[in-house]
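Numbering (the working numbering), first residue to last: 5 to 1017.
Yeah, the Cβ is synthetic: ideal placement off N, Cα and C, and Gly gets one too.
Values in this document were obtained by computation on a predicted structure and should not be read as measured data.
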């Protein structure tokens, strides 16, 4: 596709809908996808899962083919079929529901025979529920004709996928990671030149990567040269080609990693059956893919022989499958060691169909479809086999009678887990926190599983958010007509349509999770639960829910996604660590001096622009409103100490010096802001530090990470300059309730009328050069200056009718000028410092701290979570029974590990973990409390606290101690905190410091004191 074609396609991409996905795939990949037609064969649970994800992603069209009719067992995983569809054609029954997912993707049904003429219309063909003979016929044609072909199958807790994208398939970006870039400190003149990065900048490269260079002084031959292959020498150094004939390096320079295309040659299905290359998903099961390669062929041969699949837990059928597998293995060029029990287990489950397995495999395969369409990310090469046998229940005995079909929509699950376990599932009581992307997928899986559909079952769902357009691309329970509705209520209605058995069994809430809602989600609420599943997008709420689960000793299922990456974590009481036991390192912050004076990357200028937006359009009008509404505002402000001149100047600007009465005044204000930010401030910086200035050591001041800036002179014909004026003026008008104006020619003419004072350097201004210095560039003022500003302010009573409108930053509304302002503001500053500019899309991503998201990863991750939920419901109690998952669909990488065991601590000879505590079942006095620990645990209590209240310490005055010792804990807490304990609180959580029998300070569990029944 040419650049012109891509640009043309870009214009049709609905960024409001695809915004989160665009940050995963990029515009070029999305444009390629939007020209790709996809054929999907087979519309059972796996097929509809793939179709759902591909339609949401936004290919050109999706065509469905399935000549079979709907059976009741299909409803175990096919969420777009209902009991009313039984007997209808599968594709016809669900085509309209799939089409509703995305208005930009036509979804149709292919009638008649699947001929080669029809196949030739498609870029990608996906085969599910297709015999091996038919797979070979179709793949022979697609391989010869440059059509990408994917085969996928799902049998109980086993799944497989095969990819053939033909010969010479080009992968444009194998990882999807942002190219590494950094400033460099030196380049040696050598046959194998060594590039050294600045001390604080790890290059992040690997052997075999390629880089280009810009801004190098002296060795200019490197600037803009062909990409250089890298050999890594250390975290800050790497070598490139020969520079011995170049001039000497004189300073500066930036390297940028270049993503080089990778060419893959795929074998056809017929060839690969003989010589297979497997992607290992779980290194603990490295021998299983080869066995499953034989096993799935054996299942197909059994079906050809008997015109059916093996019956659940049927020993005769399993022995037949095993013998067929051995025969296939004996004739193979590459023989594998088969486990009889493993192959027989595959036979036992062959008629099983599980929604979580469909979700996992459907996410994987759909991403492979998108790779085939776009060339973005590395495809599976060529087989993926997966199993989750650990999910099989051990609490029930599985046999042919237990697992036989009963004419139920859950027969596909009963075939694997049996009727008793299905009953167990139906009586589960779960709390799902969040109804966003993960929440929607989770509810779909739970609904298909029949979770909480029994007499004791219930699902509590909470989410306080309403549906936005950008949600529709991955939160598949919602439609465009639902925008503005509450997520929890809408999701509830949607899943009841999928499975009426869940009707009346799901309770939707709209409460924020936190301390303020503990009266709702109280002790009784948590006591009633079997477990909690998080579907959250922020760490703080995750940590809060984690603390609640530890307190109430409830299992927690945690998961998250970031573009093509995802993770799952299982938290089991008394077994594993909790979510909060280990944390990611904090995000690295940008030094203030870099933001204010020495930016060298676009991220620096975007953050600076974001801060400026907050100050000019939110903080200034908020402060002005406080001044007008609070009589003692100035007095309280000055009591805070430090210079408050910026705050007072902002109020003065809003109410005196730049209070607008027309849009022309807003333009004048914006024009003067431009002059101050991009001309005067830079002139002052260069006045303090001229471009040729040197440090005390004789080196150039403007070197290393410090880029020498250039002054900008306003030009009304410059689009970027006018972008700033238009956005800034309209935001200023909004604050004062003035009509907006978008006619750029009118605004351009208004700028010509603005009187701009000439710049005069300020004397005695100290500019912050590093983090350890103070900065008085904002002109810290004495009391006389502050008093002068205060005197200039109007009396609040004179402006009693005035109320300004502070601007609340909203990244997803492209008509509100917010991202327009930040983009222009950032790019103007980047122009000052010769930094490459960022477009509106990238600026929104960084300024809005948007989490990139795609439906495929979400579907996969929730499938893995539900496979762990089976284990929790079964009551498994060994660490090795559970799996934490770490995946990256881009690579692709699938990693699984046992959860980390809960760390153990010790006092005396007693071991404990975070799950242990001291329980006191009545409201006792402090004296009784102290005696209780001495008598029962031989521990001397030295301090007691509850929340932020110190209830007792050995060094307290004797009178106060005696007074408190007689109080019961409920009274003591209320007395010290001066607050009544809320009625919903049944127990107090108390932290204690103690000495052991040797007088040593030791760590012990917390204490829970029951004060109410």
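Q. Got a sec, what are the start and stop residues for the alpha helix (DSSP H) residue 973 sits in?
A. To locate residue 973, count along the chain shown from 1; it is residue 969. Per DSSP, residue 973 belongs to the alpha helix (DSSP H) from 973-981.
Q. Using 8 Å as the Cβ pair cut-off and three pairs as the minimum, do the stretch 361-379 and the stretch 854-864 touch?
A. yes
Q: Along the beta strand (DSSP E) that carries residue 1014, what are the first and last residues, could you check?
A: Position 1010 of the chain shown, counted from the start, is the residue given in the question as residue 1014. Residues 1011-1014.
Q) For residue 655, is the classification buried or exposed, using 16 other Cβ atoms within 10 angstroms of its Cβ as the cut-off for buried? A) Counting from one through the chain shown, the residue named residue 655 turns up at place 651. By the 10 Å Cβ count, residue 655 comes out buried.
(Q) If I follow the unbroken alpha helix (DSSP H) through residue 726, where does it start and stop? (A) As a working note, residue 726 is residue 722 in the chain shown. Segment 723-739, the alpha helix (DSSP H) holding residue 726.
Q. With a CB to CB cut of under 7 Å and the five nearest residues on each side skipped, what residues in its chain are close to residue 136?
A. By 1-based counting over the chain shown, the position of residue 136 is 132. So the qualifying residues of the chain are 301, 304.
Q.
The alpha helix (DSSP H) that contains residue 535, what's its start and end?
A. Against the chain shown, residue 535 aligns to sequence position 531. Here residue 535 belongs to no alpha helix (DSSP H); instead the beta strand (DSSP E) covers 535-538.
Q.
For the pair the stretch 596-607 and the stretch 806-826, tell me if three or more CB-CB distances fall below 8 Å.
A. no
**Q.** DSSP state of residue 159 mapped onto helix, strand, coil
**A.** Counting from one through the chain shown, the residue named residue 159 turns up at place 155. Strand.
Q: Specify the secondary structure class of residue 187 as computed by DSSP and reduced to three states.
A: As a first step, residue 187 must be located in the chain shown, where it is residue number 183. It is a strand residue.
Q: Less than 8 Å between the CB atoms is what I'm expecting for residue 59 and residue 102, so what's the real figure, rounded?
A: Here the question's residue 59 lines up with position 55 in the chain shown. Here the question's residue 102 lines up with position 98 in the chain shown. Going by Cβ atoms, the distance from residue 59 to residue 102 rounds to 6 Å, so yes, they are a contact pair.
Q) Closest to residue 1005 by CA distance: which of 25, 954, 947 is it? A) As a position in the chain shown, residue 1005 is number 1001, starting the count at 1. The shortest C-alpha separation from residue 1005 is found at 947.
(Q) On the criterion of 16 or more Cβ atoms from any shown chain inside 10 Å, does residue 782 qualify as buried, or is it exposed? (A) In the chain shown, the residue the question calls residue 782 occupies position 778. Low confidence applies here, because residue 782 scores a pLDDT of 45, under 50, leaving its location unreliable and the question unanswered by this model.
Q.
Quick check on DSSP: helix, strand or coil for residue 997?
A. In the chain shown, residue 997 corresponds to position 993, counting from 1. If DSSP states are grouped into helix, strand and coil, residue 997 belongs with the strands.
Q.
Less than 8 Å between the C-beta atoms of residue 724 and residue 831, yes or no?
A. Position 720 of the chain shown, counted from the start, is the residue given in the question as residue 724. Position 827 of the chain shown, counted from the start, is the residue given in the question as residue 831. Closer than 8 Å, so yes.
**Q.** One or two residues paired with residue 266 in a DSSP bridge
**A.** The residue you call residue 266 lines up with position 262 of the chain shown. Answer by DSSP bridge pairing, in chain order: 175.
Q | Residue interval of the alpha helix (DSSP H) (run including residue 637) | A | On the chain shown, position 633 is the one that residue 637 refers to. It spans 637-643 - the alpha helix (DSSP H) in which residue 637 sits, taken as one unbroken run.
**Q.** residue 134 burial status per 10 Å Cβ neighbour count (16 or more: buried)
**A.** Working through the chain shown from its first residue, we reach residue 134 at position 130. Its Cβ being crowded by 16 or more others within 10 Å, residue 134 is buried.
Q. When the Cα atoms are used, what is the spatial distance from residue 180 to residue 1011?
A. Numbered from its first residue, the chain shown carries residue 180 at position 176. Numbered from its first residue, the chain shown carries residue 1011 at position 1007. Taking the straight line from one Cα to the other gives about 49 Å.
Q: Report all residues from its chain with a CB closer than 7 Å to the CB of residue 403; omit the five preceding and five following residues, and keep chain order.
A: To locate residue 403, count along the chain shown from 1; it is residue 399. So the list reads 317, once near-sequence residues are dropped.
Q.
Assuming residue 47 and residue 18 are in contact, meaning their beta carbons sit under 8 Å apart, how far apart are those beta carbons, in whole angstroms?
A. For the purposes of this step, residue 47 is taken as the residue at position 43 of the chain shown. For the purposes of this step, residue 18 is taken as the residue at position 14 of the chain shown. About 27 Å; that fails the 8 Å criterion.
Q. Using a Cβ-Cβ cut-off of 8 Å (strictly less than) and excluding sequence neighbours within five positions of residue 667, which residues of its own chain qualify?
A. The sequence position of residue 667 within the chain shown is 663, counting from 1. Taken in chain order, the residues that qualify are 733, 737, 742, 743, 744, 745, 754.
**Q.** From 481, 287, 470, residue whose alpha carbon lies closest to that of residue 487
**A.** Residue 487 sits at position 483 when you count from the first residue of the chain shown. Looking at the Cα atoms, 470 is the closest of the given residues.
Q.
Tell me which residues share the same chain as residue 154 and place their Cβ nearer than 8 Å to its Cβ, disregarding the 5 neighbours each side in the sequence.
A. To locate residue 154, count along the chain shown from 1; it is residue 150. Hits under 8 Å: 128, 129, 130, 131, 165, 166, 167, 168, 369, 372, 373, 376.
(Q) Using a Cβ-Cβ cutoff of less than 7 Å, which residues in the same chain neighbour residue 85 once the five nearest sequence positions on both sides are dropped? (A) By 1-based counting over the chain shown, the position of residue 85 is 81. Hits under 7 Å: 74, 78, 79, 97, 98.
Q: Note down, in chain order, each residue of its chain lying with its Cβ closer than 7 Å to the Cβ of residue 850, except the 5 sequence neighbours on either side.
A: Sequence index remark: in the chain shown, residue 850 carries index 846 (1-based). 607, 610, listed in sequence order.
**Q.** Cα-Cα separation, residue 282 to residue 871
**A.** The residue labelled residue 282 in the question sits at position 278 within the chain shown. The residue labelled residue 871 in the question sits at position 867 within the chain shown. Rounded to the nearest angstrom, the two C-alpha atoms are 23 Å apart.
Q.
Please report the straight-line C-alpha distance between residue 784 and residue 616, rounded to a whole angstrom.
A. Counted from its first residue, the chain shown places residue 784 at position 780. Counted from its first residue, the chain shown places residue 616 at position 612. Low per-residue confidence applies at residue 784: pLDDT is 48, beneath 50, and the placement is therefore not dependable enough to give any value.
Q: Take every Cβ of the stretch 784-800, pair it with every Cβ of the stretch 623-639, and state whether three or more of those distances are shorter than 8 Å.
A: yes
Q. Contact check, residue 161 vs residue 353 under 8 Å by CB: the rounded distance?
A. On the chain shown, residue 161 is found 157 positions in, with the first residue counted as 1. On the chain shown, residue 353 is found 349 positions in, with the first residue counted as 1. Indeed they touch by this definition, with Cβ atoms about 6 Å apart.
Q. In this structure, what does DSSP give as the bridge partners for residue 164?
A. Locating residue 164 in the chain shown gives position 160, where the first residue counts as 1. In the DSSP output, where bridge partners are listed per residue, residue 164 has 157, 389.
**Q.** Candidates 670, 767, 716, 773: closest to residue 731 by CA position
**A.** As a working note, residue 731 is residue 727 in the chain shown. Of 670, 767, 716, 773, the residue nearest in Cα terms is 670.
(Q) So within the stretch 409-462, which uninterrupted alpha helix (DSSP H) runs reach at least 4 residues, ignoring any that extend past its ends? (A) 415-421, 423-430, 441-453
Q: Could you tell me which of 212, 530, 460 sits nearest to residue 261, measuring between CA atoms?
A: Working through the chain shown from its first residue, we reach residue 261 at position 257. The shortest Cα separation from residue 261 among 212, 530, 460 belongs to 212.
Q. By how many angstroms is the C-alpha of residue 592 removed from the C-alpha of residue 248?
A. In the chain shown, counting from the first residue as 1, residue 248 sits at position 244. In the chain shown, counting from the first residue as 1, residue 592 sits at position 588. In a straight line, the C-alpha of residue 248 is about 38 Å away from that of residue 592.
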